[in-house]
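If you read the sequences in order, they're chains C and D. The first sequence runs 114 to 289 under the numbering used here. The second sequence runs 114 to 289 under the numbering used here. Note that CB positions come from ideal geometry on N, CA and C, so glycine has one too.
Number of protein chains: 2
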Amino acid sequence: MTRTAAARAEQETAAAPALPEAARDPAEPVAYGPLAEWVGFHLRMAQTASFSAFAREADGIAVGPGRFALLTLIGHNPGISQTALSRANGRDKSTLTPALDDLVRRGLVRRERVARDRRSYALRLTPEGEAALQELTARAARHEANLDRIIGPKERARFVKILKRIAGELGDAAGG
Amino acid sequence: MTRTAAARAEQETAAAPALPEAARDPAEPVAYGPLAEWVGFHLRMAQTASFSAFAREADGIAVGPGRFALLTLIGHNPGISQTALSRANGRDKSTLTPALDDLVRRGLVRRERVARDRRSYALRLTPEGEAALQELTARAARHEANLDRIIGPKERARFVKILKRIAGELGDAAGG
DNA sequence: GTGATATCGTTGGACATCCAACGATCTTTT
DNA sequence: AAAAGATCGTTGGATGTCCAACGATATCAC
């Protein structure tokens with residue numbers, strides 16, 4: 114069980130030797146070595162590509178993928194706190210402070226003080242925020258349809274389930 | 114084709130209504146709304162989780178997942194230029210300057226001037242770099258074995274193939 | 001050859017992100 | 001009720017990332 118990935122990668126490496134040292138062309142394919150089959154690496158590559166493709170799609174509305182996730186989560190959880198939001202979003206709470214500052218400044222989100230706990234805010238979308246969310250959701254749907262096409266409709270559910278499992282099991286303390 | 118993702122997400126949304134506004138417990142599950150089934154979102158979550166799990170695994174060696182990918186690519190492509198490396202790594206070339214500065218400072222990588230083109234460097238691992246790469250590779254193999262277990266050996270190949278397709282097709286100009 | 005264009009690595013500015021530490025507030029202990 | 005501890009959002013510092021612009025060098029057009 115411990116060798117599956119490593120052993121497979123070794124073979125791939127042998128099958129893709131490095132180029133001769135001097136004739137290295139920038140356009141030439143690169144030897145990925147063990148990286149060629151490693152999930153972690155390709156997860157990063159795919160995430161980066163998806164992220165910037167979304168950014169391209171959602172351009173002109175001045176709200177990137179990150180902000181969009183925030184708007185969606187607030188929209189579907191009115192009154193959520195920043196800490197809960199940061200957990201749902203998989204980002205540190207301190208990351209949210211400037212992001213929410215920005216969304217508030219742009220009139221998309223309100224921070225309400227709650228009597229029940231005066232340390233925390235209750236976050237809500239303003240009407241403008243709702244409108245922006247709807248607009249963004251339409252664009253995201255296009256992006257998702259694109260991903261659907263790439264993944265293949267039949268694979269899709271399985272693919273997402275695996276992603277969730279990775280996030281879930283690797284989330285906090287990686288149990289061996 | 115345009116509706117597959119959106120339509121499905123709509124349904125999911127209806128099945129996971131937001132909590133009553135006042136009784137929001139931080140430990141309470143969050144309503145993800147359309148995000149619940151969106152590939153882009155879970156790609157990001159999984160990537161983040163995998164990244165930090167690796168960082169945990171590779172701790173004590175002071176080389177994070179990013180540096181590790183660099184070492185691997187240089188090790189398997191001796192003489193590669195910074196620009197080619199940045200492309201293979203999926204990062205902007207300007208990102209590499211400080212990262213390589215660091216690896217050079219730590220004696221793991223050399224930048225050699227090439228007569229053929231005096232603008233560019235030829236990157237190579239030092240013996241220390243080779244040693245570090247081997248150590249890191251072993252740790253990465255453990256991380257990958259862990260991912261293997263989560264993904265399931267049978268799904269794994271298909272999963273990686275999909276990740277590569279996403280990175281490839283969304284890579285540059287997202288053709289519709 | 002000489003001038004226009006392209007490419008290499010670097011710099012600067014702008015963000016996003018993490019972690020550790022903080023003051024304010026809530027909860028638990030005693 | 002007072003003290004001790006936990007949690008909320010913010011701050012500060014560090015790093016990783018992108019983009020645009022730059023000087024140095026290479027290549028292309030003529």
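Original post:
Which residues in chain C sit within 8 Å of D:THR208, going by Cβ to Cβ distance?
Top reply: Counting from one through the second sequence, the residue named residue 208 of chain D turns up at place 95. Result: empty, since nearest Cβ-Cβ is about 11 Å, beyond 8 Å.
Original post:
What is the DSSP secondary structure of C:GLU282, counted as helix, strand or coil?
Top reply: Against the first sequence, residue 282 of chain C aligns to sequence position 169. DSSP places C:GLU282 in helix when its eight states are reduced to three.
**OP:** Confirm, please, whether the CB-CB distance from D:ILE264 to C:ARG278 is below 9 Å.
**Re:** Position 165 of the first sequence, counting from 1, holds the residue named residue 278 of chain C. Position 151 of the second sequence, counting from 1, holds the residue named residue 264 of chain D. Yes. Within cutoff.
Subject >> Inter-stretch contact (C-beta, 8 Å, three-pair minimum) for the region 214-224 of chain D and the region 252-262 of chain D >> reply: For the pair of segments examined, the region 214-224 of chain D was found not to touch the region 252-262 of chain D: the number of CB pairs separated by less than 8 Å stays below three.
**OP:** Answer yes or no: do C:ALA159 and D:ALA162 have a C-beta to C-beta separation smaller than 9 Å?
**Re:** Along the first sequence, one-based indexing puts residue 159 of chain C at 46. Along the second sequence, one-based indexing puts residue 162 of chain D at 49. No, these two residues do not count as a Cβ contact at 9 Å.
Subject >> Residue from D:THR239, D:PRO142, D:LEU184, D:LEU246 whose Cα sits closest to the Cα of D:LEU209 >> reply: Stepping through the second sequence from its first residue, residue 209 of chain D is reached at position 96. Out of D:THR239, D:PRO142, D:LEU184, D:LEU246, D:LEU184 has the C-alpha closest to the C-alpha of D:LEU209.
Subject >> Euclidean distance between Cα positions of C:GLY146 and C:LEU198 >> reply: Walking along the first sequence from the start, residue 146 of chain C turns up at place 33. Walking along the first sequence from the start, residue 198 of chain C turns up at place 85. In a straight line, the C-alpha of C:GLY146 is about 39 Å away from that of C:LEU198.
Original post:
Can you tell me whether DSSP reads C:ALA135 as helix, strand or coil?
Top reply: Mapped onto the first sequence, residue 135 of chain C falls at position 22. Residue placement at C:ALA135 is poorly supported in this model, since its pLDDT is 38, which falls under 50; the coordinates are not used for a value here.
Subject >> Whole-angstrom distance between D:ARG262 and C:GLU282, CA atom to CA atom >> reply: Taking the first residue of the first sequence as 1, we reach residue 282 of chain C at position 169. Taking the first residue of the second sequence as 1, we reach residue 262 of chain D at position 149. C:GLU282 and D:ARG262 have their C-alpha atoms roughly 10 Å apart.
Original post:
So which residues on chain D does C:THR161 lean against when the C-beta distance must stay under 7 Å?
Top reply: For the purposes of this step, residue 161 of chain C is identified with residue 48 of the first sequence, where counting begins at 1. Per Cβ cutoff of 7 Å: GLY203.
Original post:
What is the DSSP secondary structure of C:PRO209, counted as helix, strand or coil?
Top reply: As a working note, residue 209 of chain C is residue 96 in the first sequence. Per the sequence presented here, residue 209 of chain C reads as Leu, with Pro not at that position. Helix.
Original post:
Helix or strand or just coil, what does DSSP make of C:LEU221?
Top reply: Counted from its first residue, the first sequence places residue 221 of chain C at position 108. In this structure, DSSP gives C:LEU221 a state outside helix and strand, which the three-state scheme calls coil.
Subject >> Start-to-end residues for the beta strand (DSSP E) that takes in D:LEU186 >> reply: The residue labelled residue 186 of chain D in the question sits at position 73 within the second sequence. Run containing D:LEU186: none in the beta strand (DSSP E); it sits in the alpha helix (DSSP H), 178-189.
Subject >> Residue(s) in a DSSP beta bridge with D:ALA235 >> reply: Position 122 of the second sequence, counting from 1, holds the residue named residue 235 of chain D. Looking at the DSSP output, D:ALA235 shares a beta bridge with D:GLU225.
Original post:
Under 9 Å between C-beta atoms, does D:ASN239 make it to chain C?
Top reply: The residue you call residue 239 of chain D lines up with position 126 of the second sequence. Note that residue 239 of chain D is Thr in the sequence shown, not Asn. Interface annotation, D:THR239: not in contact with chain C, CB-CB separation never under 9 Å.
Original post:
Under 7 Å Cβ-Cβ, which residues of chain D neighbour C:LYS267?
Top reply: Stepping through the first sequence from its first residue, residue 267 of chain C is reached at position 154. Here the premise fails: no neighbours, minimum Cβ distance about 11 Å.
Original post:
Which chain C residues sit within Cβ distance under 8 Å of D:VAL176?
Top reply: The residue you call residue 176 of chain D lines up with position 63 of the second sequence. Taking the beta carbon of D:VAL176 as reference, no residue of chain C falls within 8 Å; the closest one sits roughly 14 Å away.
**OP:** Please name the residue or residues paired with C:ILE275 in a DSSP beta bridge.
**Re:** One-based indexing of the first sequence puts residue 275 of chain C at position 162. Paired residues: none, contrary to the question.
Original post:
Got a sec, what are the start and stop residues for the alpha helix (DSSP H) C:LEU156 sits in?
Top reply: For the purposes of this step, residue 156 of chain C is taken as residue 43 along the first sequence, with counting starting at 1. C:LEU156 -> alpha helix (DSSP H) spans 152-170.
**OP:** Can you give me the start and stop residues for the alpha helix (DSSP H) that C:GLY242 sits inside?
**Re:** Here residue 242 of chain C refers to the residue found at position 129 of the first sequence. That run of the alpha helix (DSSP H) goes 240-264.
Subject >> Inter-residue spacing [alpha-carbon to alpha-carbon] between C:VAL143 and D:SER194 >> reply: Here residue 143 of chain C is taken as the residue at index 30 of the first sequence, counted from 1. Here residue 194 of chain D is taken as the residue at index 81 of the second sequence, counted from 1. If you take the alpha carbons of C:VAL143 and D:SER194, they lie about 11 Å apart.
Original post:
Out of curiosity, what's the CA-to-CA distance linking C:ILE187 and C:PRO266?
Top reply: Residue 187 of chain C sits at position 74 when you count from the first residue of the first sequence. Residue 266 of chain C sits at position 153 when you count from the first residue of the first sequence. If you draw a straight line from the Cα of C:ILE187 to the Cα of C:PRO266, it comes to about 29 Å.
**OP:** Mind checking which residues open and close the alpha helix (DSSP H) that includes C:SER199?
**Re:** As a first step, residue 199 of chain C is located in the first sequence; it is residue number 86 there, counting from the start. Here the alpha helix (DSSP H) through C:SER199 covers 195-202.
Original post:
Using a beta-carbon distance cut-off of less than 8 Å, what residues from the region 143-159 of chain D approach chain C?
Top reply: Those would be VAL143, ALA144, TYR145, GLY146, PRO147, LEU148, GLU150, TRP151, VAL152, GLY153, PHE154, HIS155, LEU156, ARG157, MET158, ALA159, in chain order.
Subject >> Distance, C:VAL227 Cα to D:ARG200 Cα >> reply: Here residue 200 of chain D refers to the residue found at position 87 of the second sequence. Here residue 227 of chain C refers to the residue found at position 114 of the first sequence. One Cα belongs to D:ARG200, the other to C:VAL227, and the distance between them is close to 49 Å.
**OP:** Indicate whether at least one CB of chain D lies closer than 9 Å to the CB of C:GLY188.
**Re:** Counting from 1 along the first sequence, the entry for residue 188 of chain C is found at position 75. Taking Cβ atoms only, chain D reaches closer than 9 Å to C:GLY188, which makes this a yes.
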